[in-house]
Ligand SMILES: O=C(O)CCC(=O)C(=O)O
Ligand SMILES: [Fe+2]
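Numbering (the working numbering), first residue to last: 4 to 216.
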């Protein structure tokens with residue numbers, strides 16, 4: 004979130020940035036432009052464009068400084084997560100850094116020229132009733148150099164319903180482990196976690212939300 008605070012106003016009761024005086028609070032707060040909550044004043048006309056640009060530059064600077072602090076403290080830069088979509092294709096450069104958790108151990112996905120890493124996402128985990136599991140993974144930035152990767156998230160469309168397929172339930176004599184949900188609804192839920200992450204990464208909302216006990 005960002006806010007414009009008026010501290011030099013000669014008018015004690017109103018903002019000094021030309022915002023129509025409806026709300027008399029001395030600041031104008033706004034969220035990341037991807038969250039559709041912002042209501043921008045129409046005057047000055049280029050306020051929105053300038054603010055979104057400044058927001059984006061400062062977010063990048065924040066990420067950079069956060070990474071430097073993490074490096075200095077010896078903390079990992081990446082947060083462990085599973086992908087919610089069906090399949091993710093990852094192409095990483097020779098810096099490496101992608102790690103997958105197996106039996107509690109972090110295993111590096113060693114960079115191989117020309118290779119595409121394929122991650123199974125939670126949608127496939129649900130469709131196969133846990134026969135194929137979505138791996139927990141994270142990214143650590145190698146010390147002293149930058150890292151670039153390209154991720155392609157192959158997904159079902161948001162209106163599609165996702166549930167364990169009969170081939171992995173009835174036909175095997177097994178009960179479904181998840182109740183049916185619409186993919187778009189799940190996306191909305193996990194996006195909330197991305198924009199407003201829980202204190203502990205393990206509290207992030209995952210597909211277990213739809214588990215049948
Ligand atoms: O950068 C990478 O290697 C993977 C990034 C990733 O896990 C993700 O975007 O979900
Ligand atoms: Fe991922």
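Ideal placement from N, C-alpha and C gives every residue a C-beta, glycine not left out. Computed from a predicted model, the values in this text were never measured in an experiment.
Bridge partners of residue i, per DSSP?
{"i": "residue 165", "result": "184"}
{"i": "residue 141", "result": "102"}
{"i": "residue 154", "result": "93"}
Using C-beta distances below 6 Å, list every residue in its chain close to residue i, excluding the 5 sequence neighbours before and after it, in chain order.
{"i": "residue 86", "result": "122, 124"}
{"i": "residue 119", "result": "92, 94"}
{"i": "residue 156", "result": "88, 91"}
{"i": "residue 98", "result": "145, 148, 150"}
{"i": "residue 182", "result": "213, 215"}
Which same chain residues, not among the five before or five after residue i, have their C-beta less than 8 Å away from its C-beta?
{"i": "residue 127", "result": "89, 90, 135, 137"}
{"i": "residue 211", "result": "none"}
{"i": "residue 131", "result": "167, 168, 171"}
What number of angstroms, rounded off, separates the C-alpha of residue i from the C-alpha of residue j?
{"i": "residue 100", "j": "residue 197", "result": "21 Å"}
{"i": "residue 147", "j": "residue 61", "result": "22 Å"}
{"i": "residue 149", "j": "residue 176", "result": "50 Å"}
{"i": "residue 104", "j": "residue 113", "result": "14 Å"}
{"i": "residue 53", "j": "residue 67", "result": "21 Å"}
{"i": "residue 43", "j": "residue 57", "result": "15 Å"}
{"i": "residue 3", "j": "residue 108", "result": "Outside the modelled stretch of the chain, which goes from 4 to 216, sits residue 3, for which no answer is possible."}
{"i": "residue 179", "j": "residue 159", "result": "20 Å"}
{"i": "residue 154", "j": "residue 50", "result": "33 Å"}
{"i": "residue 200", "j": "residue 84", "result": "12 Å"}
Is residue i near ligand 1, judged by its Cβ being under 6 Å from some heavy atom?
{"i": "residue 160", "result": "no"}
{"i": "residue 154", "result": "yes"}
{"i": "residue 217", "result": "Lying before the first or after the last residue shown, residue 217 is absent from the chain, which here runs from 4 to 216."}
Can you find the residues in the same chain that come closer than 7 Å, C-beta to C-beta, to residue i, ignoring five residues on each side of it along the sequence?
{"i": "residue 41", "result": "33, 34"}
{"i": "residue 133", "result": "180"}
Mind checking whether the beta-carbon of residue i lies closer than 6 Å to any heavy atom of ligand 2?
{"i": "residue 86", "result": "yes"}
Kindly confirm or deny that the region 205-212 and the region 180-193 touch, where touching means at least three C-beta pairs closer than 8 Å. Segments in contact, yes.
With three or more beta-carbon pairs closer than 8 Å as the criterion, would you say the region 179-189 touches the region 155-165? Output reads yes: the region 155-165 touches the region 179-189.
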